[in-house]
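Peer 1: First the structure, which I've put down as structure tokens, then a few questions once you've had a look.
2 protein chains.
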Amino acid sequence: MKKEAAKKASQNFLNGVPILLVLKLLSEKEMYGYEIVRAIHEKTGRSLSFPEGSIYPTLHVLEEDGHVKSREKAHNGRTRLYYAITPSGTKKLEQLTGEWRKVFQGVHLALDAGKAGLS
Amino acid sequence: MKKEAAKKASQNFLNGVPILLVLKLLSEKEMYGYEIVRAIHEKTGRSLSFPEGSIYPTLHVLEEDGHVKSREKAHNGRTRLYYAITPSGTKKLEQLTGEWRKVFQGVHLALDAGKAGLS
DNA sequence: TGGACATACCTAAACCTACTAGGTATAATA
DNA sequence: TATTATACCTAGTAGGTTTAGGTATGTCCA
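Chains A and B, in that order, give the protein sequences. Sequential numbering from 69 applies to the first sequence in my numbering. Sequential numbering from 69 applies to the second sequence in my numbering.
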């Protein structure tokens, strides 16, 4: 359940894109779950969508891991849970961004081999 | 409303990269499992590696789905199982390539928003 | 006043992919 | 002969994501 130490990084070809996107958004500003879902859709040029039900487990794991922290904020008598990125989250974001670029470049090389070099 | 039973799925943010790469390689020439593993490593600029033990289940699934077909070929008294892509596999490759580009563009937009246009 | 709808959050369980970690067997090399 | 490289294989599992359901409040409007 809890992966204390052995968080081991089996280099997945690609998972963690949702987390990457969430952390990226939160690095720009505090947001609440419901908002994040829609922001991802918009920020990705409406090409990717994150099922609404998926965001909460994702956020909870991120919080457990200390990558984000939440605080309640009232809004029109309704409570919203805003999430903010932590320093650890910023580090994680950098790491994931690096991995993303590596995978992306690797796949690109394989797909476009033979074609003119990519930038 | 109801989707067909088992098959379909979920717009994953990203899975299927291994399959994408395998099909891509096989679209260029017939290869055997052990060779594919090393080819992926090379073709991706040595940035991605596919665990050797992973390739066989992957190939078996691809064959079950009719995307590749295999034939034995002797080589120095040893038998190799060569895989070739099928028309169905070619279609699948196109589909996966399209999905890959969509995800890649979406993530890129989200990550680089604000920066100068990407190439 | 009440019904529909959007907002906002939540969770257990299922689902798939891909990985781990082990295995077999042959050929080449030292 | 022992070791290494080649070549294939599979059961079991991890782990990220989705599904499919749920609760509850606020807003709009007929």
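Note that CB positions come from ideal geometry on N, CA and C, so glycine has one too.
Under 7 Å between the Cβ atoms of Tyr-151/B and Val-136/B?
Peer 2: Within the second sequence, the letter at position 83 stands for residue 151/B. Within the second sequence, the letter at position 68 stands for residue 136/B. Result yes, Cβ atoms of Tyr-151/B and Val-136/B sit closer than 7 Å.
Peer 1: Between which residues of its own chain and Ala-142/A is the CB-CB distance below 8 Å, once the five residues before and five after are set aside?
Peer 2: For the purposes of this step, residue 142/A is identified with residue 74 of the first sequence, where counting begins at 1. For Ala-142/A, where only same-chain residues beyond five positions count, the Cβ hits under 8 Å are Arg-148.
Peer 1: Check whether the Cβ atoms of Gly-113/B and Leu-177/A lie closer than 7 Å to each other.
Peer 2: The sequence position of residue 113/B within the second sequence is 45, counting from 1. The sequence position of residue 177/A within the first sequence is 109, counting from 1. Closer than 7 Å, so yes.
Peer 1: Under the rule that 16 or more other beta-carbon atoms within 10 Å means buried, what is Val-129/B, buried or exposed?
Peer 2: Position 61 of the second sequence holds residue 129/B. Looking at its Cβ environment, which holds fewer than 16 other Cβ atoms inside 10 Å, Val-129/B is exposed.
Peer 1: Start and end of the alpha helix (DSSP H) containing Arg-169/A?
Peer 2: Locating residue 169/A in the first sequence gives position 101, counting from the first residue. Segment 155-180, the alpha helix (DSSP H) holding Arg-169/A.
Peer 1: Suppose you measure from the CA of Pro-119/A to the CA of Val-105/A; what does that come to, to the nearest Å?
Peer 2: As a first step, residue 119/A is located in the first sequence; it is residue number 51 there, counting from the start. As a first step, residue 105/A is located in the first sequence; it is residue number 37 there, counting from the start. The alpha-carbon atoms of Pro-119/A and Val-105/A are separated by roughly 7 Å.
Peer 1: Provide the residue span of the alpha helix (DSSP H) that contains Glu-140/A, from first to last.
Peer 2: Residue numbering aside, residue 140/A sits at position 72 when the first sequence is read from its first letter. That residue, Glu-140/A, is in no alpha helix (DSSP H); its beta strand (DSSP E) goes 136-143.
Peer 1: Using the Cα positions of Ser-156/A and Pro-86/A, report the straight-line distance between them to the nearest angstrom.
Peer 2: Sequence index remark: in the first sequence, residue 156/A carries index 88 (1-based). Sequence index remark: in the first sequence, residue 86/A carries index 18 (1-based). Computed Cα separation, rounded: 17 Å.
Peer 1: Who are the near neighbours of Trp-168/A in its chain, counting only those whose CB is closer than 7 Å to its CB and skipping five residues on each side?
Peer 2: Counting from 1 along the first sequence, the entry for residue 168/A is found at position 100. Only Leu-88 meet the Cβ criterion.
Peer 1: Using a beta-carbon distance below 7 Å, is Ser-122/B in contact with chain A?
Peer 2: Along the second sequence, one-based indexing puts residue 122/B at 54. It does not: the Cβ of Ser-122/B has no partner Cβ on chain A nearer than 7 Å.
Peer 1: Which residue wins for smallest C-alpha separation from Val-90/B, given the options Thr-158/B, Lys-170/B and Gly-174/B?
Peer 2: By 1-based counting over the second sequence, the position of residue 90/B is 22. The shortest C-alpha separation from Val-90/B is found at Thr-158/B.
Peer 1: Just to confirm my understanding: we take Thr-154/B, look at its own chain, exclude 5 residues before and 5 after, and list those with CB closer than 7 Å. What are they?
Peer 2: On the second sequence, position 86 is the one that residue 154/B refers to. Excluding residues within five positions, the ones whose Cβ falls inside 7 Å are Gly-134, His-135, Val-136 and Lys-137.
Peer 1: Hey, could you find the ends of the alpha helix (DSSP H) Leu-116/B is sitting in?
Peer 2: As a first step, residue 116/B is located in the second sequence; it is residue number 48 there, counting from the start. No alpha helix (DSSP H) contains Leu-116/B, which DSSP labels as neither H nor E.
Peer 1: Determine the extent of the alpha helix (DSSP H) in which Gly-84/A is found, giving its start and end residues.
Peer 2: As a first step, residue 84/A must be located in the first sequence, where it is residue number 16. Segment: none, Gly-84/A is in no alpha helix (DSSP H) and carries neither H nor E.
Peer 1: Output the distance between the C-alpha atoms of Glu-116/A and Val-171/B, rounded to the nearest integer angstrom.
Peer 2: Residue numbering aside, residue 116/A sits at position 48 when the first sequence is read from its first letter. Residue numbering aside, residue 171/B sits at position 103 when the second sequence is read from its first letter. The question names Glu, yet the displayed sequence has Leu at residue 116/A. When rounded, the distance between both Cα atoms is 7 Å.
Peer 1: By the criterion of Cβ-Cβ separation under 9 Å, what are the contact partners of Val-105/A in chain B?
Peer 2: Here residue 105/A is taken as the residue at index 37 of the first sequence, counted from 1. Under the 9 Å cutoff, chain B gives no residues; its nearest Cβ is about 13 Å from Val-105/A.
Peer 1: Consider the Cβ of Ala-178/B: report whether some Cβ of chain A lies at a distance smaller than 7 Å.
Peer 2: The sequence position of residue 178/B within the second sequence is 110, counting from 1. Yes, because at least one Cβ of chain A sits closer than 7 Å to the Cβ of Ala-178/B.
Peer 1: Of all the options Ile-108/B, Gly-101/B and Met-99/B, which has the alpha carbon lying nearest to the alpha carbon of Gln-173/A?
Peer 2: In the first sequence, counting from the first residue as 1, residue 173/A sits at position 105. When only C-alpha atoms are compared, the closest one is Ile-108/B.
Peer 1: Within the 7 Å Cβ cut-off, does Ser-95/A reach chain B?
Peer 2: What you label residue 95/A is simply residue 27 of the first sequence in a count that begins at 1. With 7 Å as the cut-off, Ser-95/A does not count as an interface residue toward chain B.
Peer 1: Quick check on the burial criterion: 16 or more other C-beta atoms within 10 angstroms. Buried or exposed for Gly-101/A?
Peer 2: The count along the first sequence starts at 1 and reaches residue 101/A at position 33. By the 10 Å Cβ count, Gly-101/A comes out buried.
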